[in-house]
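J.: Sharing a structure with you now.
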Amino acid sequence: MSVIVTDTGFGPDVFVENGGQFVSASDLALTSATRLGVDLFNDADPGALVDHFERIALIRIPFPSFADGRGFSLARQLRSLGYTGRLRASGHLISDQYKHARKVGFDEVEIDFDLATRQPEPQWLRAAAPGYLEKFRSSRKAA
Amino acid sequence: MYAYTDFDQAFVRERVDAFRDQVARRINGSLTEDEFKPHRLMNGLYLQLHAYMLRVAIPYGTLDGRQMRQLAMIADRWDKGYGHFTTRQNIQFNWPKLADTPAMLDALADVEMHAIQTSGNCIRNVTSDHFAGAAADEIEDPRPTAELIRQWSTDHPEFLYLPRKFKIAVTGSPNDRAAAKAHDIGLRMVRDDIGAPGYEVLVGGGLGRTPMIARVVRAFLPKADLLPYLEAILHVYNLEGRRDNKYKARIKILAHETGIDELRTRIEAAFERIRGDFTAPDPATVARIQGSFAAPDFATDREIPTIADPALRSWVDTNVADHRRADHAMVTVSLKPIGGTPGDATSDQMRALAEIAETYAYDELRISHEQNVVLPHVHRADLPAVYAALREAGLHTANVGLVSDIIACPGMDYCALATARSIPIAQEISTAFEDIRRQRDIGELKIKISGCINACGHHHVGHIGILGLDRAGVETYQITLGGDATETAAIGERTGRGFSYEEIVPAVERLVDAYLEVREDETETFLETYRRVGMTPFKDALYGSEEEVGRAA
Ligand code: SF4
Numbered sequence: 090m091s092v093i094v095t096d097t098g099f100g101p102d103v104f105v106e107n108g109g110q111f112v113s114a115s116d117l118a119l120t121s122a123t124r125l126g127v128d129l130f131n132d133a134d135p136g137a138l139v140d141h142f143e144r145i146a147l148i149r150i151p152f153p154s155f156a157d158g159r160g161f162s163l164a165r166q167l168r169s170l171g172y173t174g175r176l177r178a179s180g181h182l183i184s185d186q187y188k189h190a191r192k193v194g195f196d197e198v199e200i201d202f203d204l205a206t207r208q209p210e211p212q213w214l215r216a217a218a219p220g221y222l223e224k225f226r227s228s229r230k231a232a
Numbered sequence: 008m009y010a011y012t013d014f015d016q017a018f019v020r021e022r023v024d025a026f027r028d029q030v031a032r033r034i035n036g037s038l039t040e041d042e043f044k045p046h047r048l049m050n051g052l053y054l055q056l057h058a059y060m061l062r063v064a065i066p067y068g069t070l071d072g073r074q075m076r077q078l079a080m081i082a083d084r085w086d087k088g089y090g091h092f093t094t095r096q097n098i099q100f101n102w103p104k105l106a107d108t109p110a111m112l113d114a115l116a117d118v119e120m121h122a123i124q125t126s127g128n129c130i131r132n133v134t135s136d137h138f139a140g141a142a143a144d145e146i147e148d149p150r151p152t153a154e155l156i157r158q159w160s161t162d163h164p165e166f167l168y169l170p171r172k173f174k175i176a177v178t179g180s181p182n183d184r185a186a187a188k189a190h191d192i193g194l195r196m197v198r199d200d201i202g203a204p205g206y207e208v209l210v211g212g213g214l215g216r217t218p219m220i221a222r223v224v225r226a227f228l229p230k231a232d233l234l235p236y237l238e239a240i241l242h243v244y245n246l247e248g249r250r251d252n253k254y255k256a257r258i259k260i261l262a263h264e265t266g267i268d269e270l271r272t273r274i275e276a277a278f279e280r281i282r283g284d285f286t287a288p289d290p291a292t293v294a295r296i297q298g299s300f301a302a303p304d305f306a307t308d309r310e311i312p313t314i315a316d317p318a319l320r321s322w323v324d325t326n327v328a329d330h331r332r333a334d335h336a337m338v339t340v341s342l343k344p345i346g347g348t349p350g351d352a353t354s355d356q357m358r359a360l361a362e363i364a365e366t367y368a369y370d371e372l373r374i375s376h377e378q379n380v381v382l383p384h385v386h387r388a389d390l391p392a393v394y395a396a397l398r399e400a401g402l403h404t405a406n407v408g409l410v411s412d413i414i415a416c417p418g419m420d421y422c423a424l425a426t427a428r429s430i431p432i433a434q435e436i437s438t439a440f441e442d443i444r445r446q447r448d449i450g451e452l453k454i455k456i457s458g459c460i461n462a463c464g465h466h467h468v469g470h471i472g473i474l475g476l477d478r479a480g481v482e483t484y485q486i487t488l489g490g491d492a493t494e495t496a497a498i499g500e501r502t503g504r505g506f507s508y509e510e511i512v513p514a515v516e517r518l519v520d521a522y523l524e525v526r527e528d529e530t531e532t533f534l535e536t537y538r539r540v541g542m543t544p545f546k547d548a549l550y551g552s553e554e555e556v557g558r559a560a
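Listed in order, the protein sequences are those of chains B and V.
The working numbering applies: residue 90 is where the first sequence begins, and numbers increase by one.
The working numbering applies: residue 8 is where the second sequence begins, and numbers increase by one.
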C-alpha cells in the first residue's frame with residue numbers, strides 16, 4: 090500500500106481507488122484510452138508526451154533514490170511544455186524534499202508505508218519558507 | 008558590501024532551524040545516515056579524517072571587519088583558535104562537534120554569513136576575482152553578478168541533487184584571476200560590438216582526475232539572459248550528466264562525451280523553452296545589489312611619502328599591486344609564512360586583519376583563491392602603517408606570487424581521502440627557498456600541491472604541480488610542469504616517474520636551478536621559459552643520466 094502526500098497530509102491513492110490505470114510512456118501510442126496514468130521513467134523524453142497531454146490525467150515520475158534528482162528536472166520540463174494535469178513523484182523521496190518537489194511542479198508524492206511510518210505526516214508538512222527563485226520567475230507556469 | 012535584506016536574514020535563520028531539526032531527526036531515527044548526509048553537506052558539514060569540518064562560505068570572497076571578527080570568535084569558541092582559508096574562497100574550521108554546529112551556524116547568521124551549499128552535489132559557493140571593484144583592468148565589477156547567482160542558486164529546488172558538485176566562477180577582467188576556465192561554468196564579462204555588457208559563457212572546466220579546460224558555449228550572452236541560460240545548462244546537466252560513476256559525473260565529462268556542439272544545441276533548446284518563465288530581475292533588486300558594491304568614498308589630497316625602509320620596499324614590491332586609482336593600492340596579505348601551513352590564520356591574526364581593514368582599508372577584506380587575504384583599497388599614504396600593523400601580527404611575509412606562495416590542500420594531515428601529505432611538502436619547499444633575495448631573483452612561480460588525485464590543491468594548473476600518491480604504501484610525488492589557471496589556461500604535463508617524500512623538495516630545487524640556467528634574462532618567468540624551451544632541460548635536471556625516463560611513476 091502506498092501513501093499519497095499532498096498539502097493536506099497523508100491520504101489514499103484516489104486515482105487507483107477510482108480505477109485509474111498506469112501505462113508506461115512508451116506504450117501510450119498503443120492505446121486510445123483517456124484519463125490515463127502514465128509512468129515516465131528518468132531517462133525518457135518528456136517531449137514525446139506533448140501530443141497526448143489531453144488524455145493524460147496523471148503523470149508519475151519514479152525516484153530510484155532520493156539522491157537522484159533527475160525527477161525534479163523532468164517535472165519542471167513537463168510544466169514548461171504545458172502539462173497541466175496531476176504530477177506525482179514516487180519512490181524514495183524524503184520529507185525534506187517535499188517542498189522542492191512542490192516547487193518544481195509536482196502535486197503529490199507517493200511513498201511506501203515504511204517510509205510513512207519512519208517520517209510521519211508532520212515532517213512532510215513543515216511549512217516551507219519562500220525561496221529565492223520566486224524573485225526571478227514569473228508565476229505563469231507555476232504549479 | 009552586500010547587506011542582507013529581511014528576506015535574506017529570514018532565509019538563513021529558517022535554514023539553521025531546519026538543520027537543527029534535521030540533526031534531531033537523525034538522532035531519533037527518522038532520517039537514516041544516508042538520508043542525513045546530503046543535508047549535512049549542504050549545510051557545510053563534512054566528515055574529515057579526525058573529526059567534522061565546517062566549511063563556511065565567503066561569497067565571492069568578500070567580507071568586512073565585523074565578519075572577520077566573528078570568524079575569530081567562532082575559531083576560539085568552537086575550534087582550536089584558528090581557521091583555514093581555502094582555494095574556493097571559503098574558510099574551514101577543522102574541529103567542530105556535530106552538536107555545536109547549529110549554534111555555529113547561528114553565530115554566522117548573526118553577521119550575515121552562512122555555510123549553505125559549501126559541500127554536496129549542488130551548486131557551490133560562487134567564486135570571483137579577489138581584486139573585484141579595485142583592479143585597473145576591470146571591465147565591470149563581477150560581484151553583483153556573483154551575488155545574483157548566489158541568490159538564484161540557493162536552495163534551487165531543481166538542482167539540489169545533481170550528479171555531482173557544480174562550481175561557478177565569474178571574472179570581470181581580461182586578466183582572469185578567478186580561474187574561470189577551471190570551473191564547471193566560467194563567466195567572463197565582455198562587451199558586444201555596440202558596447203553592451205554581457206558574458207562569455209564557458210562550460211566543462213575542472214581539475215580532479217580528468218583535468219579539462221572549459222570551452223565556450225556562448226560567445227556573448229546578454230546580461231538579462233543570465234539566469235535562464237544558467238538554468239538551461241544546469242537542467243541539461245541534471246538530466247544527462249552521468250550518475251553511474253562519480254568520477255565521470257562532472258559536466259566536463261558530459262561535454263567531452265557529448266561534444267561541445269551537441270551540448271550547446273541542447274542547452275539552447277532548453278533555454279528557449281524556459282526563458283519565458285523568468286521575469287527580468289526586478290530593477291529595484293538589481294539596483295540594490297549594484298549599489299551595495301559601490302566604491303568606497305576614497306580619500307583624496309593626501310601626501311604620499313617615498314618609501315625608504317628596505318623591508319617595507321621589498322614587501323611593497325611583492326605584495327602591493329596597482330589600484331584603478333593611482334593614489335590607492337591593493338594589498339595582498341600573505342598567509343604563507345616560511346614553514347607555515349598555507350591558508351591558516353589564527354584568531355588573533357583574524358582580529359588584526361579586521362582592525363587593519365577597519366582603520367586603513369574602508370572596512371573591506373577579500374579572500375583570494377590563492378589562499379591569501381586581500382585589502383582591496385588602501386591609500387598609498389597608509390602603506391607604512393599597514394605594513395607595521397601586519398608585522399605586529401606576523402602577517403608581513405613578502406612573497407606573493409613567488410616560489411614560497413604555495414597552494415596546498417589539507418592532504419594527509421586532515422583529509423580522509425588523502426594518499427599523501429601535502430602541507431609538510433609546502434612547508435619544506437618554502438623553508439628551502441627562505442632567502443627572499445633568491446625568491447625575488449626566481450620571480451613569479453606558482454607551486455600547487457594536492458594530496459590525492461582529487462586535485463583540491465589545483466596542481467594541474469601550477470607552473471610546478473605536485474601530486475601526492477600512494478604507491479604500495481609509500482608516498483610518491485608526481486610533478487607536472489607548465490600548468491596555468493589564467494586566461495591562457497593550460498593543464499601541466501607530467502615529467503616522468505615520481506619522487507619519494509625525501510626526494511621531492513630537492514627535485515623542485517633542481518627544477519628551479521634549471522630554469523635560472525636557461526631563462527633568457529630575469530624578465531622571462533618560469534612559465535614563459537617553459538613554454539619557450541619545453542620539457543627537455545627540466546627533465547634532464549630531474550632525472551639526469553637515468554637511462555630510462557619512465558612514463559609510469
Ligand atoms: S586533493 Fe585529495 S587530499 Fe587534498 S583535500 Fe582534496 S581530497 Fe583531500
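Idealized CB from N, CA, C, for every residue including glycine.
Since the structure is predicted, the reported quantities are computational estimates derived from the model, not experimental observations.
(1) Note down, in chain order, every chain V residue with its Cβ under 7 Å from the Cβ of B:Phe155.
(2) Could you tell me whether the Cβ of V:Gln124 comes closer than 9 Å to any Cβ of chain B?
(3) Is B:Ala218 close to chain V, meaning its C-beta is less than 9 Å from at least one C-beta of that chain?
(4) Does B:Arg215 come within less than 9 Å of chain V when only Cβ atoms are used?
(5) Tell me which same chain residues have a C-beta within less than 7 Å of the C-beta of V:Tyr394, skipping the five on either side of it?
(6) Say whether chain V places a C-beta atom closer than 9 Å to the C-beta of B:Arg229.
(7) Taking the C-alpha atoms as reference points, what is the distance between B:Ala218 and V:Asp13?
(8) At a cut-off of 8 Å, is V:Ile460 close to the ligand SF4 when judged by its beta-carbon and the heavy atoms of the ligand?
(9) Among the residues of its own chain, which have a CB less than 6 Å from the CB of B:Gln166, if the five just before and after it don't count?
(10) In the DSSP output, which residue or residues are listed as bridge partners for V:Lys2?
(11) Let me make sure I understand the geometry here. Which of B:Arg215, B:Ile145, B:Glu106 and B:Arg177 has the alpha-carbon closest to that of B:Phe152?
(12) Taking C-beta pairs closer than 7 Å, name the residues in chain B that V:Phe18 reaches, listed in chain order.
(13) Give me the Cα-Cα distance between B:Leu119 and B:Arg144, rounded to the nearest whole angstrom.
(14) Could you check whether the Cβ of V:Leu261 sits closer than 9 Å to any Cβ belonging to chain B?
(15) Just curious, the alpha helix (DSSP H) that V:Asp83 is in, first and last residue?
(16) State the DSSP-derived secondary structure class of V:Met8, mapped to helix, strand or coil.
(17) Output, in sequence order along the chain, the residues in the stretch 158-169 of chain B whose CB is closer than 8 Å to any CB in chain V.
(18) Leaving out five residues on either side along the sequence, give the residues of the same chain with a beta carbon under 7 Å from the beta carbon of V:Thr536.
(19) May I ask you to check if the CB of V:Thr426 is nearer than 8 Å to at least one heavy atom of the ligand SF4?
(20) Got a sec: is the Cβ-Cβ distance from V:Lys188 to anything in chain B below 9 Å?
(21) Taking 8 Å as the cut-off, is the beta-carbon of V:Asp120 closer than that to any non-hydrogen atom of the ligand SF4?
(22) Which residue comes first and which comes last in the alpha helix (DSSP H) that contains V:Ser299?
(23) In three-state DSSP terms, what is B:Ile183?
(24) Short check: CB of V:Leu234 to CB of V:Glu165, under 9 Å?
(25) What would DSSP say about V:Tyr367, mapped onto helix, strand or coil?
(26) Exposed or buried, which one is B:Gln110 when buried takes at least 16 other CB atoms within 10 Å?
(27) Please identify the residue among B:Thr97, B:Val105 and B:Ser184 whose C-alpha is closest to the C-alpha of B:Leu243.
(28) For B:Ile148, decide whether its Cβ has a neighbour in chain V, counting only Cβ atoms nearer than 9 Å.
(29) Give the C-beta separation of V:Glu377 and V:Ile430 to the nearest angstrom, bearing in mind that I take them to be a contact with Cβ-Cβ under 8 Å.
(30) Which whole runs of the alpha helix (DSSP H) in the stretch 125-210 of chain V are 4 residues long or more, in chain order?
(31) Tell me, which residues are paired with V:Val327 by DSSP?
T.: Working from what's here:
(1) Glu42
(2) no
(3) yes
(4) yes
(5) Leu319, Trp322 and His403
(6) Because B:Arg229 sits at a pLDDT of 45, beneath the cut-off of 50, its placement in the model cannot be relied upon, and the point is left open.
(7) 13 Å
(8) yes
(9) Pro135
(10) Only positions 8 to 560 of chain V appear in the structure, and residue 2 of chain V is not among them; the question remains open.
(11) B:Arg177
(12) Ala218
(13) 13 Å
(14) no
(15) Gly72 to Trp85
(16) coil
(17) Gly158, Arg159, Phe161, Ser162, Leu163, Arg165, Gln166 and Ser169
(18) Tyr522, Val525 and Arg526
(19) yes
(20) no
(21) Reading the sequence as shown, one finds Met at residue 120 of chain V and not Asp. No; taking the cut-off as 8 Å, the Cβ of V:Met120 has no heavy atom of the ligand SF4 nearer than that.
(22) Pro290 to Ser299
(23) coil
(24) no
(25) helix
(26) exposed
(27) No statement about residue 243 of chain B is possible, as the shown extent of chain B runs from 90 to 232 and does not include it.
(28) no
(29) With a Cβ gap of about 16 Å, V:Glu377 and V:Ile430 do not count as contacting.
(30) 150-160
(31) V:Val338
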